[in-house]
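In structure tokens form, the structure reads like this:
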């Protein structure tokens with residue numbers, strides 16, 4: 067009886083196992099679903115020079131893709147957007163290298179792969195601004211998790227205007243990069259306590275620059291929340307010329323207040339209890355120390371290098387940078 | 003116990019024999035990605051093979067005209083675009099490129115124009131309101147062969163036909179020809195036509211402007227429906243979307259001129275025509291004047307007209323410059339307008355349409371006298387002063403049979419009465 071039980075059990079087990087083995091002879095398709103030539107550059111393509119430049123300068127060196135060919139799936143489908151003009155994309159690509167990547171490469175001597183490790187993985191160029199059709203507000207820059215930075219309105223970019231370039235593009239780049247860095251190594255929590263009670267996450271856009279300066283913020287956007295305050299402080303300190311920075315500090319010493327629809331100097335003097343200039347400088351000092359201790363970067367050297375490049379930037383320099391793209395051989399010459 | 007084992011064992015053995023029986027054979031030999039890649043390669047080959055490129059019936063939105071755009075693709079992802087329209091080229095013929103295009107595998111093959119080309123992308127620019135023209139620059143490829151592609155705007159969903167440009171025409175000449183065809187289909191002077199589709203009839207306002215502005219004829223309070231259109235080189239008029247009528251049960255999407263000069267549906271389920279409709283209704287539409295062709299008058303009316311113009315010429319009013327039949331909006335009445343060198347006057351007429359082509363005109367002298375208009379008073383002066391005019395008006399006030407050589411562009415209409423008098427008129 068016991069033996070027959072074992073026999074029955076064995077047969078039953080084998081029977082149950084069979085369904086799981088009967089169909090296992092399918093081979094995997096040996097053909098890859100990816101085209102073998104995908105990603106290869108075509109030297110006869112109208113965009114070859116910029117593609118080649120981006121490949122050599124950004125992808126290979128920094129593991130970063132510059133996406134200047136618009137795919138709407140890569141953008142917010144709620145907006146009507148157009149691609150960036152090719153020439154403008156060339157300008158912003160070479161300027162990104164010159165005014166951002168090369169600056170960090172030069173200043174950060176402790177780690178030659180610093181930008182490769184920490185820069186965003188994707189720079190997305192869009193030709194027009196992102197206009198919200200519901201309220202006509204305009205977005206000029208976006209950053210998503212430190213991985214992707216989207217820059218809008220390239221088709222209206224004036225590459226000869228360094229102020230516009232800095233204000234619209236490089237300020238945004240340095241700001242977003244500061245986020246990437248502090249998300250990797252957190253900044254001192256004491257910073258978050260410096261302006262407690264003066265942040266306005268929902269109403270910062272309605273604040274005036276002079277009023278926020280008086281409260282110890284470099285811009286109204288910085289007055290939204292501490293982490294934006296930190297990134298804006300760094301970006302403004304790096305990008306503002308001496309004159310603009312000193313103007314900001316001067317404004318911060320004055321008792322600006324909102325009065326109805328206008329902004330006036332408070333006749334009763336400063337009533338907010340904040341020394342705006344001292345507070346801004348204190349924030350810069352925290353950032354300076356954090357850059358030094360956490361990253362081994364001299365913030366002042368970084369600022370000096372950015373300022374040098376911005377103040378010496380001119381049309382001749384732009385043409386010199388452009389040649390890095392437009393001198394790339396195309397067609398048959400590229401294949402020699 | 004034994005019974006339970008036997009049942010379980012039997013059932014498990016059944017699995018052995020059924021597990022592979024239901025395996026379906028693959029419908030396609032290749033994987034989805036292989037098939038997509040193959041389709042993309044095939045489409046690329048078709049696009050690049052067109053020697054003189056392609057004509058795209060581009061639609062940005064239903065509320066503005068369609069824009070024919072020209073494309074010449076090369077094998078290296080370059081495309082040259084041609085345009086002649088008010089939005090992207092300032093009404094002049096322009097070419098721009100090469101910019102870049104790509105065929106990508108999205109949820110199916112997609113043709114995208116992914117670097118900026120102002121002749122196309124200006125239709126997608128948000129402008130200040132965030133909307134702009136709301137046009138697409140990425141298109142799902144619904145079908146394609148060496149002669150024709152059907153593309154669907156990825157964001158807005160409008161279907162657009164792209165057909166091969168003829169090799170014997172320059173791109174600029176293609177635009178010239180398209181403009182000629184459009185002018186033949188819809189004469190700019192014609193302010194309104196009638197769309198008859200199924201049992202429904204719509205007034206089509208200003209059809210030559212590039213979109214059909216449709217009002218149901220039997221519902222004066224209804225809002226307009228807008229359908230932009232493109233004309234094609236074979237004379238087809240293609241709508242942005244199928245017109246489906248008031249209840250959504252009709253379908254017509256393209257028209258072509260038939261041998262009788264009437265636009266007749268060539269695509270869709272419901273027979274439809276676009277024409278002037280009943281000629282007598284057309285003649286009575288507001289904002290159109292019908293000027294007597296004085297050299298082609300026939301019969302009694304010709305003699306009486308000559309007598310009248312000879313008589314009035316000798317007076318201070320000067321020679322007659324023209325006589326018009328006209329729907330007078332301010333008087334809400336039909337009228338006959340007499341313009342001399344120095345004076346304009348009109349007399350009111352009562353107009354009654356019967357059937358499709360019968361029109362009876364009656365002089366409304368009391369109405370004219372009651373009018374406060376200076377021109378109506380001038381008309382009464384003419385009437386009182388010139389017996390030849392009174393005689394002429396007696397002849398004019400009669401029943402006419404109307405005729406025209408073209409049903410979509412009835413720019414000439416002849417008023418013919420039973421006694422054989424003919425008043426050929428030109429639309430002004």
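Protein chains in written order, with our numbering: chain G, 67 to 402; chain H, 3 to 430. We put the CB at the ideal spot given by N, CA and C, even for glycine.
Assigned secondary structure, residue i (DSSP; H/G/I helix, E/B strand, else coil)
i                      : result
residue 251 of chain G : coil
residue 322 of chain G : strand
residue 133 of chain G : strand
residue 330 of chain H : strand
residue 257 of chain H : strand
residue 427 of chain H : strand
residue 386 of chain G : helix
residue 210 of chain G : strand
residue 73 of chain H  : strand
residue 356 of chain G : helix
residue 289 of chain G : helix
residue 342 of chain G : helix
residue 347 of chain G : helix
residue 300 of chain G : helix
residue 107 of chain G : coil
residue 59 of chain H  : strand
residue 390 of chain H : helix
residue 121 of chain G : helix
residue 203 of chain G : coil
residue 310 of chain G : helix
residue 202 of chain H : strand
Opening and closing residue of the alpha helix (DSSP H) in which residue i lies
i                      : result
residue 185 of chain H : 173-187
residue 398 of chain G : 397-401
residue 45 of chain H  : 34-51
residue 347 of chain H : No alpha helix (DSSP H) holds residue 347 of chain H; the beta strand (DSSP E) holding it covers 346-356.
residue 306 of chain H : 302-315
residue 372 of chain H : 367-372
residue 150 of chain H : Where residue 150 of chain H is concerned, there is no enclosing alpha helix (DSSP H), although the beta strand (DSSP E) it sits in stretches over 150-155.
residue 384 of chain H : 376-387
residue 435 of chain H : Absent from the model: residue 435 of chain H. The displayed extent of chain H is 3 to 430, so no value can be given.
residue 278 of chain G : 275-280
Residue range of the beta strand (DSSP E) that includes residue i
i                      : result
residue 190 of chain G : 188-191
residue 233 of chain H : 227-233
residue 296 of chain H : Where residue 296 of chain H is concerned, there is no enclosing beta strand (DSSP E), given that its DSSP letter is neither H nor E.
residue 163 of chain H : 161-166
residue 236 of chain G : Taken as a continuous stretch (DSSP letters only), residue 236 of chain G belongs to no beta strand (DSSP E), as it is neither H nor E.
residue 240 of chain H : 239-245
residue 31 of chain H  : Segment: none, residue 31 of chain H is in no beta strand (DSSP E) and carries neither H nor E.
residue 283 of chain G : Premise fails: residue 283 of chain G is in no beta strand (DSSP E) and is neither H nor E.
residue 274 of chain H : 274-277
Within-8 Å CB hit, residue i to chain B
i                     : result
residue 91 of chain H : Chain labels in this structure do not include chain B; the protein chains are G and H.
Residue i CB to nearest heavy atom of the ligand ZN below 7 Å
i                      : result
residue 197 of chain G : Only the bare structure without any ligand can be found here, which leaves the ligand ZN out of the picture.
Item to check | the region 83-90 of chain H touching the region 67-74 of chain H, judged by at least three CB pairs closer than 8 Å | outcome: Contact between the region 83-90 of chain H and the region 67-74 of chain H is established, with three or more Cβ pairs separated by less than 8 Å.
Checklist entry - When Cβ atoms are compared, which residues of the region 125-138 of chain G fall closer than 9 Å to chain H? => result For the region 125-138 of chain G, the beta-carbon criterion of a distance under 9 Å to any beta-carbon of chain H is satisfied by 134, 135, 136, 137, 138.
Checklist entry - Just by C-beta distance, which residues in the region 133-156 of chain H are closer than 8 Å to chain G? => result The region 133-156 of chain H vs chain G, Cβ under 8 Å: 133, 134, 136, 139, 140, 156.
Next on the checklist: To be precise: take each residue of the region 186-212 of chain G, compare its Cβ to all Cβ atoms of chain H, and keep it if any distance is under 8 Å. Which residues remain?
Outcome noted: Within the region 186-212 of chain G, the qualifying residues are 193, 194, 195, 196, 197, 198, 199, 200, 202.
Checklist entry - Listed in chain order, which residues of the region 216-227 of chain G have Cβ atoms closer than 8 Å to some Cβ of chain H? => result Along the region 216-227 of chain G, going in chain order, the ones with a CB nearer than 8 Å to a CB of chain H are 221.
Checklist entry - Below 8 Å, can you find three or more Cβ-Cβ pairs linking the region 224-244 of chain G to the region 260-276 of chain G? => result Touching, no.
Next on the checklist: Check whether the region 175-190 of chain G and the region 130-146 of chain G are in contact - that is, three or more C-beta pairs closer than 8 Å.
Outcome noted: With a cut-off of 8 Å, the region 130-146 of chain G and the region 175-190 of chain G count as touching, because enough Cβ pairs lie within range.
Checklist entry - If you measure beta-carbon to beta-carbon, which residues of the region 363-383 of chain H are closer than 9 Å to chain G? => result Answer set for the region 363-383 of chain H: empty.
Checklist entry - Enumerated in chain order, which unbroken segments of the beta strand (DSSP E) with a length of 3 residues or greater are wholly contained in the region 85-131 of chain H? => result The region 85-131 of chain H contains these whole beta strand (DSSP E) runs: 96-108, 110-115.
Checklist entry - In chain order, what residues of the region 139-153 of chain G put their CB closer than 8 Å to some CB of chain H? => result Those would be 139, 143, 145, 146, 147, 148, 149, 150, 151, 152, in chain order.
Item to check | Continuous beta strand (DSSP E) assignments of at least 3 residues falling wholly in the region 126-182 of chain G | outcome: Here the runs fully enclosed are 131-133.
Checklist entry - Counting Cβ pairs, one atom from each stretch, are 3 or more of them under 8 Å apart for the region 230-237 of chain H and the region 169-189 of chain H? => result Here the region 230-237 of chain H lies against the region 169-189 of chain H, with 3 or more beta-carbon pairs under 8 Å apart.
Item to check | Proximal residues, the region 73-104 of chain H versus chain G, C-beta separation under 9 Å | outcome: Here the close residues are 76, 77, 78, 79, 80, 81, 99, 100, 101, 102, 104.
Checklist entry - Would you call the region 129-142 of chain H and the region 107-118 of chain H touching, i.e. three or more CB-CB distances under 8 Å? => result Contact between the region 129-142 of chain H and the region 107-118 of chain H is present, because at least three Cβ pairs lie under 8 Å.
Checklist entry - Counting pairs of beta carbons, one from the region 226-233 of chain G and one from the region 312-326 of chain G, are three or more of them closer than 8 Å? => result The region 226-233 of chain G vs the region 312-326 of chain G: no contact.
Checklist entry - Counting pairs of beta carbons, one from the region 330-348 of chain H and one from the region 282-298 of chain H, are three or more of them closer than 8 Å? => result Counting C-beta pairs closer than 8 Å gives three or more between the region 330-348 of chain H and the region 282-298 of chain H, which meets the contact rule.
Checklist entry - Name the residues in the region 106-122 of chain G whose C-beta lies less than 7 Å from a C-beta of chain H; which are they? => result Of all residues in the region 106-122 of chain G, 108, 110, 111, 112, 113 have a Cβ within less than 7 Å of some Cβ in chain H.
Checklist entry - Is the number of C-beta pairs between the region 50-69 of chain H and the region 167-179 of chain H that are closer than 8 Å three or more? => result Taking a cut-off of 8 Å on C-beta distances, the region 50-69 of chain H touches the region 167-179 of chain H, as three or more cross pairs fall below it.
Checklist entry - Does the region 259-268 of chain G come close enough to the region 290-298 of chain G to have 3 or more Cβ pairs within less than 8 Å? => result With a cut-off of 8 Å, the region 290-298 of chain G and the region 259-268 of chain G count as touching, because enough Cβ pairs lie within range.
Next on the checklist: Closer than 8 Å is the cut-off here; do at least three beta carbon pairs connect the region 137-146 of chain G with the region 163-180 of chain G?
Outcome noted: Here the region 137-146 of chain G does not lie against the region 163-180 of chain G, with fewer than 3 beta-carbon pairs under 8 Å apart.
Item to check | Contact between the region 412-425 of chain H and the region 371-384 of chain H (3+ Cβ pairs under 8 Å) | outcome: With the cut-off at 8 Å, the region 412-425 of chain H and the region 371-384 of chain H do not touch.
Checklist entry - Between the region 121-129 of chain H and the region 89-107 of chain H, are three or more C-beta pairs nearer than 8 Å? => result Yes, since at least three Cβ pairs between the region 121-129 of chain H and the region 89-107 of chain H fall closer than 8 Å, the two stretches touch.
Checklist entry - Is the region 340-357 of chain H close to the region 407-419 of chain H, with three or more CB pairs under 8 Å? => result Taking 8 Å as the limit for Cβ pairs, the verdict is that the region 407-419 of chain H does not touch the region 340-357 of chain H.
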